[in-house]
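Take the sequence shown: its position 204, counting from 1, is numbered 204 in this note's numbering, and each next residue is one higher.
Note that beta-carbon positions come from the ideal geometry of N, C-alpha and C, so glycine has one too.
Quantities reported herein were computed from a predicted structural model and do not represent experimental measurements.
What follows is a short report on a single structure.
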Amino acid sequence: SKKTVAVIFGGQSSEHEVSRTSAVMMLQALDKEKYQVLSVGITKKGQWLIYNGPVEHVKTGEWEKFGTPVSLSPDATKKCFLKIVGGNVKEIPVDVVIPVLHGAWGEDGTIQGLLEMAQIPYVGCGVLASAVSMDKVYTKMIAKAARIPQAKYLWLHKNDLEEKRERILDHAEKKLGYPCFVKPSNAGSSVGISKAKNREQLSAALDFAAGYDRKVIIEEAIDAREFECAVLGNEEPMVSGVGEVLSAAEFYDYDAKYNNSDSRTVIPAEVEEEKTEEMRRIARKIFRAVDGSGLARVDFFIDKKTGRVLFNELNTMPGFTPISMYPMLWVQAGMTETELMDRFIELALKRDSGIR
Ligand code: ATP
Ligand code: MG
Ligand code: MG
Ligand code: MG
Numbered sequence: 001s002k003k004t005v006a007v008i009f010g011g012q013s014s015e016h017e018v019s020r021t022s023a024v025m026m027l028q029a030l031d032k033e034k035y036q037v038l039s040v041g042i043t044k045k046g047q048w049l050i051y052n053g054p055v056e057h058v059k060t061g062e063w064e065k066f067g068t069p070v071s072l073s074p075d076a077t078k079k080c081f082l083k084i085v086g087g088n089v090k091e092i093p094v095d096v097v098i099p100v101l102h103g104a105w106g107e108d109g110t111i112q113g114l115l116e117m118a119q120i121p122y123v124g125c126g127v128l129a130s131a132v133s134m135d136k137v138y139t140k141m142i143a144k145a146a147r148i149p150q151a152k153y154l155w156l157h158k159n160d161l162e163e164k165r166e167r168i169l170d171h172a173e174k175k176l177g178y179p180c181f182v183k184p185s186n187a188g189s190s191v192g193i194s195k196a197k198n199r200e201q202l203s204a205a206l207d208f209a210a211g212y213d214r215k216v217i218i219e220e221a222i223d224a225r226e227f228e229c230a231v232l233g234n235e236e237p238m239v240s241g242v243g244e245v246l247s248a249a250e251f252y253d254y255d256a257k258y259n260n261s262d263s264r265t266v267i268p269a270e271v272e273e274e275k276t277e278e279m280r281r282i283a284r285k286i287f288r289a290v291d292g293s294g295l296a297r298v299d300f301f302i303d304k305k306t307g308r309v310l311f312n313e314l315n316t317m318p319g320f321t322p323i324s325m326y327p328m329l330w331v332q333a334g335m336t337e338t339e340l341m342d343r344f345i346e347l348a349l350k351r352d353s354g355i356r
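See below:
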């Protein structure tokens, strides 16, 4: 019999819209002969709705009007984590979940924790790998322990800005200089990120980033070419070739990523073989260092001055929009999007949480 696959999209993070676009691609790519597909959307406010209308409405946001409210009800004895509320309570058993959620409450281990409680297999990284990879400060600590080269950085708590602001600015100027990048530690799609060129901009950038997370990271700016690499697998993952991102803006900000058609991707990247191999090696290494499973996209810089490869970050649920690098890297390697979805599901079913 067909396996029931629940695709969860939307969510309460700043990447809600990106998630809906990613979900459209996945819903279209899933083989309906093999799977009974159930789509479950989470509104920006956090309401969960089952949706079974046309996929176009997921993209536009109209799906919300046609959804049926469900409530969370993790129950490991019934392979169920949702039930329909109202007149007749109905539990909904599922075989696998695809949490196509980017950012907070989706890519950070929280929904993964819920699914662990229900003992339902899910696509992608587990609780720890998700949480560590979402938090840029933690990712940097792990990368350092694994001796992976990266940009210099420092970090602070939001509340440090009240009393220690001047000291933080002094410290950043001394250690990192200008320009520098300021980011919320937990975010994605460049939301909350700015490039600061002087003290005044740095101070404002800190407040801006602090609006998205309680932790903020400041990094030295690398004058760089940018590359991305896809990882697929559990303990012995496959690593794709490398693609280059050519941003239409001064850096690859939200608008340059999703709205500016002048941004381009080049696959495979036109870069020395030796650099490609170095990035692939680091991609595998960081995936293992965070104990990744399923998939991740690993982002890199190559410093234009020194030629050095620097690790930037990894994304455990990377974008699946029509212009996203992750699916394109595997398509370039000869896989169809439908085969990629099959592989995700197989990997989810094979993954051993270690507890069961
Ligand atoms: P996503 O999850 O969508 O890949 P993100 O929000 O996690 O993005 P980063 O990838 O860390 O953010 O940074 C976004 C972009 O900002 C990078 O792609 C790059 O263009 C620029 N950038 C970030 N950090 C630096 C840096 N240290 N030096 C130069 N450019 C940087
Ligand atoms: Mg990211
Ligand atoms: Mg991301
Ligand atoms: Mg990135």
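Taking every protein chain shown into account, the CB of histidine 16 has 16 or more other CB atoms within 10 angstroms, so this residue is buried. Note that the C-beta distance between leucine 156 and glutamate 219 is not below 9 Å. A distance below 6 Å between beta-carbons, with the five flanking residues on each side excluded, links isoleucine 345 to the following residues of its chain, in chain order: Val96. The residues Pro93, Val94, Asp95, Ala118, Gln119 and Ile120, in chain order, have a CB closer than 8 Å to that of lysine 79 in the same chain once the five nearest residues on each side in sequence are set aside.
Here arginine 214 is near asparagine 159, since their CB atoms are less than 9 Å apart. With 6 Å as the limit, the residues whose C-beta approaches a heavy atom of ligand 2 more closely than that are Gly188, Glu313 and Asn315, in chain order. The closest heavy atom of ligand 1 lies 8 Å or more from the beta carbon of aspartate 108.
Isoleucine 193 and glutamate 273 have their alpha carbons spaced roughly 31 Å apart. By the neighbour-count definition (other C-beta atoms within 10 Å, threshold 16), glutamine 150 is a buried residue.
Less than 9 Å divides the Cβ of isoleucine 98 from the Cβ of valine 7. For ligand 4, no non-hydrogen atom lies closer than 8 Å to the CB of aspartate 213.
With fewer than 16 other CB atoms across the displayed protein chains lying within 10 angstroms of its CB, lysine 197 is exposed.
With a cutoff of 8 Å, histidine 16 does not count as near ligand 3, since its C-beta is closer than that to no heavy atom of the ligand. Here DSSP, grouped into helix, strand and coil, assigns glutamate 270 to coil.
Leaving aside the five residues that flank glycine 241 on each side, the residues in its chain whose CB is nearer than 6 Å to its CB run, in chain order, Pro268. For aspartate 255, the shortest C-beta to heavy atom distance toward ligand 4 is 8 Å or greater. Put simply, of Met335, Tyr51 and Asp223 the residue whose alpha carbon is nearest the alpha carbon of lysine 304 is Asp223.
Contact annotation: the region 228-243 touches the region 279-290, with at least three C-beta pairs closer than 8 Å. With distances taken between CA atoms, arginine 167 lies nearest to Ser203 out of Met134, Leu329, Lys140 and Ser203.
Annotation: the region 46-101 contains the following complete segments of the alpha helix (DSSP H) (minimum length 4 residues), in chain order: 56-60. Relative to ligand 4, aspartate 299 has its C-beta within less than 8 Å of a heavy atom. Under the three-state reduction of DSSP output, proline 327 falls in the helix class. By the Cβ criterion, the region 304-319 is not in contact with the region 56-66, since fewer than three pairs of Cβ atoms, one from each stretch, lie closer than 8 Å. Here DSSP, grouped into helix, strand and coil, assigns glutamate 15 to coil. For methionine 238, there is no enclosing alpha helix (DSSP H); the residue is found in the beta strand (DSSP E) stretching over 238-246. Inside the region 168-225, DSSP marks whole beta strand (DSSP E) runs of 3 or more residues at positions 180-184, 194-196 and 215-220, from first to last along the chain.
Taking C-alpha positions only, phenylalanine 251 is separated from serine 263 by approximately 10 Å. In this structure, histidine 102 has its beta carbon less than 8 Å from a heavy atom of ligand 3. Between glutamate 313 and threonine 139, the CB-CB gap stays under 9 Å.
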